[in-house]
């Protein structure tokens, strides 16, 4: 794919020698960045074989930035929240997220009313926005969805 982009870039160039060097330097400069984020497990590869439409690109980016979820559920109303908090702290997260906290956050931040009967897509969208607002790669969900 890089060679196709290089050829397309150079095809529009008025000075192919200079622009080939500049393109190659930029590609080479990406290697340490890619290696660094790959080692951290923070690299998401997008397979692109042709120029995507704006809608396709938006979908790919939405999927690539979706946080991971750990759902902690159990019969004990006392032990389950403690376990959820323990897991959240072990991942250096501020806290586990309950449905009640998400509902309050959505109301205060998004001006959107959520409840136990809200459509799943509305809840998922709010969770993603919550994670994005705190730049959280992982959400620990305490007794979700709560009903």
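Numbering (UniProt numbering), first residue to last: 1 to 147.
Yeah, the Cβ is synthetic: ideal placement off N, Cα and C, and Gly gets one too.
Small disclaimer: the values here were computed from a predicted structure and weren't measured.
With contact defined as three or more Cβ pairs closer than 8 Å, the stretch 82–94 and the stretch 110–121 are not in contact. Beyond the five residues adjoining it in sequence on each side, residue 68 comes within less than 8 Å, by CB distance, of 137, 138 and 139 in the same chain, given in chain order.
For the set 37, 133 and 60, the Cα lying nearest the Cα of residue 46 is the one of 60.
Restricting attention to 41, 73 and 64, the CA atom closest to the CA of residue 97 is found in 73.
DSSP places residue 97 within a strand segment (E or B) once states are collapsed to three. According to the DSSP assignment, residue 132 belongs to the alpha helix (DSSP H) that extends over 120–133. Inclusion of residue 24 and residue 10 in the CB contact set at 8 Å is not warranted, their separation being larger than that value. In the three-state DSSP reduction, residue 76 falls in the coil class, being neither helix nor strand.
Distance between residue 57 and residue 51, taken at the CA atoms: about 9 Å.
The continuous alpha helix (DSSP H) containing residue 10 extends over residues 2–11. In the structure shown, residue 114 adopts coil according to DSSP, grouped into three states.
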